[in-house]
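Here the working numbering is used: the first residue of the sequence shown is 408, the next is one more, and so on.
Even glycine gets a Cβ: it sits at the ideal position worked out from N, Cα and C.
All values derive from a computational prediction rather than experimental measurement.
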Amino acid sequence: MAHYGSKELAQSFRTVRKNTLEAARDIPQDKYDFRPTPDCRSVEKLLAHIALSYRFQHQIHAVEKRSSMVGFDFPAMMSELGAKEAEPRTKSQVITMLEDETWPTFLDGVSDEFLAETVSFPPEFSQPPKSRLEMILSVKEHEMHHRGQVMLVQRMLGIVPHLTREREARMAQTREAEAS
Numbered sequence: 408m409a410h411y412g413s414k415e416l417a418q419s420f421r422t423v424r425k426n427t428l429e430a431a432r433d434i435p436q437d438k439y440d441f442r443p444t445p446d447c448r449s450v451e452k453l454l455a456h457i458a459l460s461y462r463f464q465h466q467i468h469a470v471e472k473r474s475s476m477v478g479f480d481f482p483a484m485m486s487e488l489g490a491k492e493a494e495p496r497t498k499s500q501v502i503t504m505l506e507d508e509t510w511p512t513f514l515d516g517v518s519d520e521f522l523a524e525t526v527s528f529p530p531e532f533s534q535p536p537k538s539r540l541e542m543i544l545s546v547k548e549h550e551m552h553h554r555g556q557v558m559l560v561q562r563m564l565g566i567v568p569h570l571t572r573e574r575e576a577r578m579a580q581t582r583e584a585e586a587s
């Protein structure tokens, strides 16, 4: 099996982010305030949430380099991220946030040993220690979850998501090649 290390991790995150950026660019500025329901985030807030969410894991692994989450102030971190997410932004500002390379640049530079280290949790969390790799992968998983929401919103707005358009174009090319 091929080795999956920091370079592959950074590249896979960049691929996910590239697709999120394409979706963000496809939605017109005048639709950035669209909410599927009143209790859902607007397009702008959802994309800001995606752009900011890496900061939680970045704080743990890059800034503090924690091996234990005991004493980590979750409420303060969540409050800080929530306040940043709530700031009003234009489409252009959201795109700029999504283009930030802080997280994948950090990932590019970590070692296999670092990714294999474990981080323990307070007893009240009732969960075993996790490897840094598992925790770091959660950033990509979280973004993909929310990008699925963005793609559903695109459909609600009458926009065919770029991944669907690309797949349909490949399928048409295959049918054309088989027909000739």
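CA-to-CA distance, residue j to residue i, given in whole angstroms
i, j, result
"residue 585", "residue 575", "15 Å"
"residue 424", "residue 410", "22 Å"
"residue 516", "residue 582", "43 Å"
"residue 437", "residue 472", "41 Å"
"residue 510", "residue 587", "46 Å"
"residue 553", "residue 528", "26 Å"
"residue 445", "residue 462", "27 Å"
"residue 558", "residue 497", "19 Å"
"residue 457", "residue 523", "26 Å"
"residue 542", "residue 464", "7 Å"
"residue 412", "residue 521", "10 Å"
Distance cut-off 8 Å: residue i Cβ against heavy atoms of the ligand HEM
i, result
"residue 523", "Ligands are entirely absent from the displayed structure, and the ligand HEM is therefore not among its contents."
Residue i - containing alpha helix (DSSP H), residue span
i, result
"residue 462", "461–465"
"residue 561", "539–563"
"residue 515", "509–515"
Three-state secondary structure assigned by DSSP to residue i
i, result
"residue 501", "helix"
"residue 419", "helix"
"residue 486", "helix"
"residue 441", "coil"
"residue 567", "coil"
"residue 410", "coil"
"residue 434", "coil"
"residue 495", "coil"
"residue 506", "coil"
"residue 480", "coil"
"residue 446", "coil"
Per DSSP, cross-strand counterpart(s) of residue i
i, result
"residue 525", "538"
"residue 475", "527"
Neighbourhood of residue i by C-beta, 7 Å cutoff - its chain only, sequence neighbours within 5 removed
i, result
"residue 469", "513"
"residue 429", "569"
Contacting residues, own chain, Cβ-Cβ under 8 Å from residue i (five flanking each side not counted)
i, result
"residue 426", "554, 569 and 570"
"residue 452", "492 and 493"
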